[in-house]
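Peer 1: Before I ask anything, here is the structure I am working with.
There are 2 protein chains.
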Amino acid sequence: MFREADITDVSVKRQRSAVTIREVAKESGFASATVSIVLNNAPLARYIPETTKNRIVRAAKKLGYRPNVFARTLRNQRTHTVGVMVFDMTDPYCIPILRGIENTLYEASFLPILTDVHNERSRFERYLEMLLDRRVEALIIVANWLFVDVNVLGDLEKSNVPTAMIGRELKAGSVSSVTVDNEFGANAAIEHLYSLGHRRIAFIRGPRHITDTAPRWKGIRNFATAKNLEIDPNLVVDLPESSDPLSSFDAGYTLTQKLLQQGQSFTALMAFDDVTALGAIRALHHAGVKVPEQCSVIGFDDISHSSFITPALTTIRQPMPDMGQMAVNIVAENISAIQQQERVAAVHRKLVPQLITRESTGKVNLQ
Amino acid sequence: MFREADITDVSVKRQRSAVTIREVAKESGFASATVSIVLNNAPLARYIPETTKNRIVRAAKKLGYRPNVFARTLRNQRTHTVGVMVFDMTDPYCIPILRGIENTLYEASFLPILTDVHNERSRFERYLEMLLDRRVEALIIVANWLFVDVNVLGDLEKSNVPTAMIGRELKAGSVSSVTVDNEFGANAAIEHLYSLGHRRIAFIRGPRHITDTAPRWKGIRNFATAKNLEIDPNLVVDLPESSDPLSSFDAGYTLTQKLLQQGQSFTALMAFDDVTALGAIRALHHAGVKVPEQCSVIGFDDISHSSFITPALTTIRQPMPDMGQMAVNIVAENISAIQQQERVAAVHRKLVPQLITRESTGKVNLQ
DNA sequence: TTAAGCTATTGAAACGTATTAATAAAGCGT
DNA sequence: ACGCTTTATTAATACGTTTCAATAGCTTAA
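Quick mapping for you: the protein sequence lines, in order, are chains U and Y. Heads up, the first sequence is in the numbering used here, so the first residue is 168 and it goes up one at a time. Heads up, the second sequence is in the numbering used here, so the first residue is 168 and it goes up one at a time.
Here it is, written out as structure tokens:
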């Protein structure tokens, strides 16, 4: 059943810009070769007098000429297109990264084809194939919450397209990377808690299979050793393995609850990431423990949630838009290098995260 | 300065699948026309015996033949590509929508080109042009927080490409739409509060220029009239105009603070959207008002933040993934209709939102 | 005066495919 | 033995560019 107003005709024809270079040629009185040379400002254009150029440009404008991207690509191999693969878009961590990528690509007049792998191997392969079929000039991979999978790496190597990976570094191979200095970040976090007077600190570590887990823990251990701070093994728990980045909320909740039920006393809690911290905060709240008065909580990432919750979450910010931008810059340089027949090397950039102090942490002696 | 390990050679050649249909022809012993017919299962394929087909398929596989997308597009005009325009990706509201779009496109073997307009008119126009140049077969627009701008509509009409808009309905013209029943949703929200016994309810309405604002308010007024519930004008405030969807957090905070400072008493607060509600909650918290014990808060949208904050936010859920899916289905149908030379009509779907009861609302007499 | 070198322009080919129209063989009913 | 239809295959063309090699007029150096 339709209401009258709901139906509107849409023209069926589809001849967007049926005007070709030949028509511009005819209109301007020159050959299509000349038109092409002028409009692209090709090397030969230097022999062409202004008057001719003007006439051609005017004709093109008059007819509303727009070069056919596909014919052009067929000829010169360039697509001005970049494939972006995300491992799980629902992870709030990757949105600002995507923003950074989009923005930087826009400035470079590239267009992103976005794919979400849903953490599934088959989907990764299918998408990779589709992107390569579309001759993307580069690949940017947002490897959030990536399971270690060596074959993925292999597929990428074979692709023969400049590739940058965000959030994970592949030591060997030709894939560039943009990561954050996890060790430094974790160090900054615990230093913050320490400086507030906290000594009994609980830790929710990341899952084993996540590459960020180890360096963050290392940063903590190093600090503890340096300051002679004792880390009580009873206060250290691990997130379980999972392919869902949002699962750490429930896990954070449950683990914190368990810590509390075991009667462990701690004045601060450091979570593997912000989502985990959010879960922990709810557990504390439900147990009647006030944040930050009775327990400080610090996260990692600075996803958008963190500034919006109450109390606002103190955390270690990853410069996500910058990471996206940097990845684009890397592959953009690769692309032009290849254009000039130059060789290209994988580069690995490590950005420094930053402590963002908000409301969820406070001096220990407040309590 | 490089460390040795940081540099890895990347092959410069770029001949992904230099194997053409002609090579398959040669390998199999047939003409390229035959190969094309077989591989595409074109109508003429019905005259071709299995043995021939097999030989051709085997040859194609052996050589790893992959048809050149651009040559193919040049020939038959199809790109299997859809343009997706978001007005502001940082708005948490649109991520699940994007997910829905991506997922449905994937099933239909389409690839999305993602563009973020940043709420800027010039950017909209530039991107639109780029997408049309790339002959996207359809356009999906996520019109979150869209300023009313009639010209945008005009540009879309001219584009001559099936278009679906999510979050906003354009009555006239050929653009399809997928929206949520705002009036129904707002009605459900206030009914929820009412049924909990709340009678003095504060409202933070949306900004004037947002199309969702009016119907939501209408839903509230209708309910109030029906139940003879008095709405105190002193308890009704409006979000200011802004092009930034996240600005409503600060606005929600400030407006709530103002209400409290004016000494207005209310037992519940209904916010225009979740982000606003988050701001309101913080203001209440800072003023020492407990949620939900002393004041219930309800939002609208059900962005991911809402389930992660503590107390978890009661809200009206928009079925965002479904909206994305539905938009894709609409344009997919349009595309195949056009393929069959059929006429196409704009359709307007309105989905019903759902009350999600969580922790931020409670009975009024608890306090 | 001639060869050489610019300047200005263009015809033709190539990128890789899908389709149309044509060719040719084979089956078949009369 | 004849046309007619069906089966099997292909040559040729067009999609819209860009670029190479060629043409031709004109200037300049020797």
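Glycine is no exception: its CB is placed at the ideal position from the N, C-alpha and C atoms. Nothing here was measured: the structure is a model prediction, and the numbers come from that model.
Where does Phe291 (chain U) fall in DSSP's three states?
Peer 2: Of the three classes helix, strand and coil, the one that applies to Phe291 (chain U) here is helix, per DSSP.
Peer 1: Between the beta-carbon of Val309 (chain Y) and the beta-carbon of Gly250 (chain Y), is there less than 8 Å?
Peer 2: Result no, Cβ atoms of Val309 (chain Y) and Gly250 (chain Y) do not sit closer than 8 Å.
Peer 1: Of the choices Y:Phe416, Y:Val253 and Y:Ala356, whose alpha-carbon is the least far from that of Ile523 (chain Y)?
Peer 2: The shortest C-alpha separation from Ile523 (chain Y) is found at Y:Ala356.
Peer 1: For the beta strand (DSSP E) that contains Ile483 (chain U), what are its first and last residues?
Peer 2: It spans Thr482 to Arg484 - the beta strand (DSSP E) in which Ile483 (chain U) sits, taken as one unbroken run.
Peer 1: Looking at chain Y, is there any beta carbon in it that lies within less than 8 Å of the beta carbon of Asp489 (chain U)?
Peer 2: No, no contact with chain Y.
Peer 1: Which whole-angstrom value describes the C-beta separation of Val345 (chain U) and Met493 (chain U), a residue pair presumed to lie in contact below a C-beta threshold of 8 Å?
Peer 2: Right, their Cβ atoms sit about 5 Å apart.
Peer 1: Going by beta-carbon coordinates alone, are Pro279 (chain Y) and Glu292 (chain Y) separated by less than 8 Å?
Peer 2: Cβ atoms of Pro279 (chain Y) and Glu292 (chain Y): not closer than 8 Å.
Peer 1: Just list the alpha helix (DSSP H) runs in the region 348-422 of chain Y, keeping only unbroken ones of 4 residues or longer that don't cross its boundaries, in chain order.
Peer 2: 349-362 and 380-394, all fully within the region 348-422 of chain Y.
Peer 1: Please go through the same chain and pick out, in chain order, the residues whose beta-carbon is closer than 6 Å to the beta-carbon of Arg266 (chain U), but skip the five residues on each side of it.
Peer 2: If we look at Arg266 (chain U) and ignore the five residues flanking it on each side, its Cβ neighbours are Pro488.
Peer 1: In this structure, does DSSP put Leu337 (chain U) in helix, strand or coil?
Peer 2: DSSP places Leu337 (chain U) in coil when its eight states are reduced to three.
Peer 1: Output the boundary residues of the alpha helix (DSSP H) element that contains Gly529 (chain Y).
Peer 2: Taken as a continuous stretch (DSSP letters only), Gly529 (chain Y) belongs to no alpha helix (DSSP H), as it is neither H nor E.
Peer 1: Can you list, in chain order, the residues of its chain whose CB lies under 8 Å from that of Asn354 (chain Y), leaving out five sequence neighbours each side?
Peer 2: These residues qualify, in order along the chain: Gly386, Ile387, Asn389 and Phe390.
Peer 1: With 8 Å as the threshold, decide whether the Cβ of Val236 (chain U) is near any Cβ in chain Y.
Peer 2: Yes, Val236 (chain U) counts as interfacial toward chain Y.
Peer 1: Taking C-alpha atoms, which residue in U:Pro210, U:Val205 and U:Ile465 lies nearest to Thr219 (chain U)?
Peer 2: Answer by Cα proximity: U:Val205.
Peer 1: Just checking: is the beta-carbon of His359 (chain Y) within a distance shorter than 8 Å of some beta-carbon in chain U?
Peer 2: Output row for His359 (chain Y): interface = no.
Peer 1: Tell me which residue opens and which closes the beta strand (DSSP E) that Pro279 (chain U) is part of.
Peer 2: Run containing Pro279 (chain U): Leu278 to Asp283, per the beta strand (DSSP E) assignment.
Peer 1: How many Å lie between Tyr260 (chain Y) and Met332 (chain Y) at the Cα?
Peer 2: Spanning the two alpha carbons is a distance of roughly 15 Å.
Peer 1: Rounding to the nearest angstrom, what Cα-Cα distance links Ser463 (chain Y) and Gly373 (chain Y) in this structure?
Peer 2: Near 19 Å, if we compare the C-alpha coordinates of Gly373 (chain Y) and Ser463 (chain Y).
Peer 1: Go ahead and pull the three-state DSSP assignment for Ile523 (chain U).
Peer 2: Note: Ile523 (chain U) maps to strand in three-state DSSP.
Peer 1: Given this structure, state the Cα-to-Cα distance separating Glu336 (chain U) from Ile188 (chain Y), to the nearest angstrom.
Peer 2: Going by the C-alpha atoms only, they are around 38 Å apart.
Peer 1: Taking DSSP's pairing of strands, which residues face Leu306 (chain U) in a bridge?
Peer 2: The partner list for Leu306 (chain U) (beta bridge, DSSP) reads U:Gly250 and U:Thr330.
Peer 1: Could one say the Cβ of Met332 (chain U) lies closer than 8 Å to chain Y's Cβ atoms, at least one of them?
Peer 2: Not closer than 8 Å to any Cβ of chain Y, the Cβ of Met332 (chain U) fails to qualify, so no.
Peer 1: Is Glu190 (chain Y) closer than 8 Å to Lys229 (chain Y) when the C-beta atoms are compared?
Peer 2: Cβ atoms of Lys229 (chain Y) and Glu190 (chain Y): not closer than 8 Å.
Peer 1: Could you check whether the Cβ of Arg245 (chain Y) sits closer than 8 Å to any Cβ belonging to chain U?
Peer 2: Answer no: the Cβ-Cβ gap between Arg245 (chain Y) and chain U never drops below 8 Å.
Peer 1: Can Leu363 (chain Y) and Lys530 (chain Y) be called in contact, C-beta distance under 8 Å?
Peer 2: Against a cut-off of 8 Å, the Cβ pair of Lys530 (chain Y) and Leu363 (chain Y) comes out as a contact.
Peer 1: For Arg484 (chain Y) and chain U, any beta-carbon pair shorter than 8 Å?
Peer 2: Output row for Arg484 (chain Y): interface = no.
Peer 1: Taking the Cβ atom as the reference point for each residue, do Leu413 (chain U) and Ile368 (chain U) lie within a distance shorter than 8 Å?
Peer 2: No, Cβ-Cβ distance for Leu413 (chain U) and Ile368 (chain U) is not below 8 Å.
Peer 1: Could you say which of Y:Ser410, Y:Asp405 and Y:Thr481 lies nearest to Ala435 (chain Y) if we only look at CA atoms?
Peer 2: For Ala435 (chain Y), the nearest C-alpha among the options comes from Y:Thr481.
Peer 1: For Pro259 (chain U), go through chain Y and note every residue whose CB falls closer than 7 Å to its CB, in chain order.
Peer 2: Ordered by position in chain Y, the residues that pass the 7 Å Cβ test against Pro259 (chain U) are Ser471.
Peer 1: How should Gln485 (chain Y) be labelled, buried or exposed, when 16 other C-beta atoms within 10 angstroms of its C-beta is the threshold for buried?
Peer 2: Buried, because 16 or more other Cβ atoms sit within 10 Å of the Cβ of Gln485 (chain Y).
Peer 1: According to the neighbour-count rule (16 or more other Cβ atoms, all chains shown, within 10 Å of its Cβ), is Val202 (chain Y) buried or exposed?
Peer 2: Buried, because 16 or more other Cβ atoms sit within 10 Å of the Cβ of Val202 (chain Y).
Peer 1: Report the option in U:His359, U:Tyr214 and U:Thr528 whose CA atom is closest to the CA atom of Val458 (chain U).
Peer 2: Taking only the C-alpha atoms, the option nearest Val458 (chain U) is U:Thr528.
Peer 1: Can you tell me which of the three DSSP states Arg245 (chain U) falls into?
Peer 2: Reduced to three states, the DSSP call for Arg245 (chain U) is coil.
Peer 1: Assign Thr392 (chain U) to one of two classes, buried (16 or more other C-beta atoms within 10 Å of its C-beta) or exposed (fewer than that).
Peer 2: When all chains shown are included, Thr392 (chain U) counts as exposed.
Peer 1: State the Cα-Cα distance for the pair Ala200 (chain Y) and Ala185 (chain Y), rounded to the nearest angstrom.
Peer 2: When rounded, the distance between both Cα atoms is 19 Å.
Peer 1: Thinking C-beta only, is Leu518 (chain Y) closer than 8 Å to Val347 (chain Y)?
Peer 2: Yes.
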